[in-house]
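Notes to accompany the following structure.
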Amino acid sequence: MVLDHYLEAFSRKPGAFPRSAPLEQAKKSGTFSVDHAEFLASASALYGENRGVGEMVGVLLLARRLPQTANTTGLRKAQEMRTFIADYVKIAARSSLVRGATLLKEVPIITSPEVDITRYDVLFEARS
């Protein structure tokens, strides 16, 4: 059993998640890590079991689109910030993938001739 195959069902029936066979297998295989368990425990304590499982399912669904290292970074950042929401994990995970910002001294200076706007003075004269 693969945990990912059951995530949509767990989002509808969150009470089945904590005691499910796919979750146990994911824990044994390492797919459901200690970081996941801590997030789930914290989210469930803060929001209640149903919403906590819902947030955890949202985090697990991120694994379909983001690399494991990014998800782990997002989970750890959420723990650090005490923000147990799947959307926060997604933002933190994606921001960990962003390469370093370009320094301003590396950006070329753009020069262009100054624009002559005197021809528009006629418009102001017509209103007077």
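Note that my numbering has the sequence shown beginning at 16, numbered continuously upward. Quick reminder that beta carbons are idealized off the backbone N, C-alpha and C, glycines included.
Would you grab the beta carbon distance between V74 and V104 for me? Rounded to a whole angstrom, and I think it's under 8 Å. 5 Å
To the nearest angstrom, how far is the alpha carbon of L138 from that of D131? 15 Å
Would you mind working out which of E64, E70 and S111 sits nearest P82, comparing C-alpha positions? S111
Could you have a look at A56 and say whether DSSP puts it in helix, strand or coil? helix
Using the beta-carbon count (16 or more within 10 Å), is H20 buried or exposed? exposed
Under three-state DSSP, which class holds R79? coil
Have a look at I124 and R134 and give me their C-alpha separation to the nearest angstrom. 28 Å
Ends of the alpha helix (DSSP H) at V122? That residue, V122, is in no alpha helix (DSSP H); it is neither H nor E in DSSP.
Residue burial classification, M16 (beta-carbon count within 10 angstroms, cutoff 16): exposed
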